[in-house]
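Chains as they are written, first to last, in our numbering: chain A, 966 to 1091; chain B, 10 to 139; chain C, 56 to 151. Since the structure comes first, as structure tokens, the remarks are kept for the end.
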């Protein structure tokens, strides 16, 4: 994965701010990202606030077969969505270790969030 | 300018529908075009044709239909979000073997791709969340 | 310049912190719906970092009886002014 600054730009940035299982926000945000990528757009994801919970390893289906979002996250690569960013402060606030996350996202400090938004034509918040 | 609106709040639960309608009327009054309203998440309930609010409250479903009638605004409802929540037009009701339908024109069931397209072709896309 | 739209009160949620973290040096913040509670003097301190760039929606203040109770740092705009803010902004982000 490239770490140079130019790779931060894209057409759509989807900001995911909700944890899996508790609501459909994460799933519906990811659906929007996947569809945009299928349309050929360059899509980036930012896991912000509680959204970092989406990247915790070891998630399972919920009771009654509730699907969760981990299987969808594993499909991102197939859709060429590899610009994955995570808010470092949100990880630290939850005591989560960046090295233990799924998908090896890139960490972003607060000023980097503003730059990331600036580098995209459209930003959708979920 | 060309505007699009993304509405994700349910009517009568959140103020989002009121805010979106007010914003839609205001942008049209300023001479802009409103290409479409895309209903996603719980916003799909705005398309419930059986909604029967008390007469002294705003009828939000009718208010969207009026916006379509007066200004040709497309009312696009995410089909995946709608079907899960029991919002089916006649075609989907038949396809799923349901006795009645809960969505009708001018609301159209459509894919999330329409939202992406709306974002691409509009100068401004404004989201109203719950 | 971007317009950020916040509909949550800092009295019940920390979503405003996400909006502030995402704001560039020229970006503006508009409080709507329950967000206008953030215009009260006791809560407006949450937005001290963006002097001159804090707006609240007139209609949502009026319906809640808050028009005369706003902090001096808050500029009010009506629905027409809301649209004008979006015209001046290259894009909008909503925080809810």
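Glycine residues also receive a C-beta, built at the ideal position from the N, C-alpha and C atoms. Just so you know, these numbers come straight off a predicted model, no measurement behind them.
Environment of residue i [buried if 16+ CB atoms lie within 10 Å]
i	result
residue 40(B)	exposed
residue 985(A)	buried
residue 104(B)	exposed
residue 57(C)	buried
residue 59(B)	exposed
residue 1013(A)	buried
residue 992(A)	buried
residue 1073(A)	buried
residue 1085(A)	buried
residue 85(C)	buried
residue 73(C)	buried
residue 67(C)	exposed
Closest by C-alpha distance to residue i, when choosing among the options
i	options	result
residue 982(A)	1055(A), 996(A), 1046(A)	1055(A)
residue 93(B)	18(B), 51(B), 14(B), 55(B)	51(B)
residue 38(B)	136(C), 108(C), 77(C), 91(C)	136(C)
residue 1000(A)	1043(A), 1020(A), 1033(A)	1043(A)
Sequence-distant residues of the same chain with beta carbon closer than 6 Å to residue i, five excluded per side
i	result
residue 1006(A)	976, 977
residue 136(B)	15
residue 42(B)	11
Beta-carbon separation (whole angstroms), residue i vs residue j, contact threshold 8 Å
i	j	result
residue 1092(A)	residue 1049(A)	What is shown of chain A runs 966 to 1091, which leaves residue 1092(A) out entirely.
residue 121(C)	residue 95(C)	7 Å
residue 134(B)	residue 1087(A)	7 Å
residue 122(B)	residue 1004(A)	6 Å
residue 1066(A)	residue 1051(A)	7 Å
Span of the beta strand (DSSP E), counted from its first residue to its last, around residue i
i	result
residue 59(C)	57-61
residue 1048(A)	1048-1052
residue 979(A)	975-981
residue 83(C)	83-86
residue 133(B)	133-137
Own chain residues within Cβ distance below 7 Å of residue i, not counting five before or after
i	result
residue 997(A)	979, 1089
residue 146(C)	57
residue 138(B)	17, 18, 25
residue 139(C)	none
residue 1015(A)	982, 983, 984
residue 1046(A)	998, 1002, 1008, 1010
Own chain residues within Cβ distance below 8 Å of residue i, not counting five before or after
i	result
residue 967(A)	The predicted position of residue 967(A) is uncertain, since its pLDDT is 39 and thus under 50; a value taken from the coordinates is nonetheless stated next. Closer than 8 Å at the Cβ level, and outside the excluded window around residue 967(A), lies no residue.
residue 70(C)	61, 63, 150, 151
Where the alpha helix (DSSP H) containing residue i begins and where it ends
i	result
residue 1085(A)	Premise fails: residue 1085(A) lies in the beta strand (DSSP E), 1085-1090, not in any alpha helix (DSSP H).
Residues of the stretch 1003-1019 of chain A whose Cβ lies closer than 9 Å to any Cβ of chain F, in chain order: Included in the structure are the protein chains A, B and C, with no chain F among them.
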